[in-house]
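Chemist:
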């Protein structure tokens, strides 16, 4: 990540980053050693985000206090996003059960451009977007 590259630069250790309270990151989970180094060396905390092209970048956020304890998590859903986790037959699952992540909300795209078949494959009759991602 960009944060790893910055950390590896010779000028990083001497850089004054005291004006930063937290940084944001998305695209890939931050490795725990990167989070630990920024926190210990510079006092900087991270807020990590998860998004999708079909919804935009702000679907879920992992709070700074969870960056190490819940490393690899997509965090909690943000406002205006409805979330369901379902099993192989569409049945709702409870906490701790792995299943497919379904999403719904006003930021969802209206469909894939000139491809109604692809849209119909991922959006069910109730308007839920089937991500294909397995979450717990």
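In the numbering used here, the protein residues as written are 1 to 136.
Glycine included, every Cβ here is placed at the ideal spot set by N, Cα and C.
Check for me: the beta strand (DSSP E) holding residue 61 runs from which residue to which?
Modeler: Start and end: 56-62.
Chemist: For residue 60, count the other beta carbons within 10 Å of its own beta carbon; 16 or more makes it buried, fewer makes it exposed. Which is it?
Modeler: It is buried - the Cβ of residue 60 has at least 16 other Cβ atoms within 10 Å.
Chemist: Jot down the residue ranges of each uninterrupted alpha helix (DSSP H) in the stretch 50-134, minimum 4 residues, whole runs only, in chain order.
Modeler: With a minimum length of 4 residues, the continuous alpha helix (DSSP H) runs that stay inside the stretch 50-134 are 116-122.
Chemist: What residue range is occupied by the uninterrupted alpha helix (DSSP H) comprising residue 39?
Modeler: Segment 32-42, the alpha helix (DSSP H) holding residue 39.
Chemist: Apply the 10 Å Cβ neighbour rule to residue 67 and answer buried if 16 or more other Cβ atoms are within range, or exposed otherwise.
Modeler: The residue in question, residue 67, is buried, as its Cβ has 16 or more Cβ neighbours within 10 Å.
Chemist: Over the uninterrupted beta strand (DSSP E) stretch that includes residue 24, give me the two end residues.
Modeler: Counting along the chain, the beta strand (DSSP E) containing residue 24 begins and ends at 22-25.
Chemist: Per DSSP, residue 46 forms a beta bridge with which residues?
Modeler: 23, per the DSSP bridge assignment.
Chemist: Would the stretch 47-60 count as touching the stretch 93-113 if we require 3 or more Cβ pairs under 8 Å?
Modeler: Judged by Cβ distances under 8 Å, the stretch 47-60 makes contact with the stretch 93-113, as three or more pairs qualify.
Chemist: Return helix, strand or coil for residue 5, following the three-state DSSP convention.
Modeler: Residue 5: helix per DSSP, three-state reduction.
Chemist: Classify residue 113: buried if its beta carbon has 16 or more other beta carbons within 10 angstroms, exposed otherwise.
Modeler: Exposed: under 16 other Cβ atoms inside 10 Å.
Chemist: Rounded to the nearest angstrom, what separates residue 115 and residue 29 at their Cα positions?
Modeler: Roughly 31 Å separates the two Cα atoms.
Chemist: Since residue 129 and residue 123 are thought to touch, with beta carbons under 8 Å apart, how far apart are those beta carbons, to the nearest angstrom?
Modeler: With a Cβ gap of about 6 Å, residue 129 and residue 123 count as contacting.
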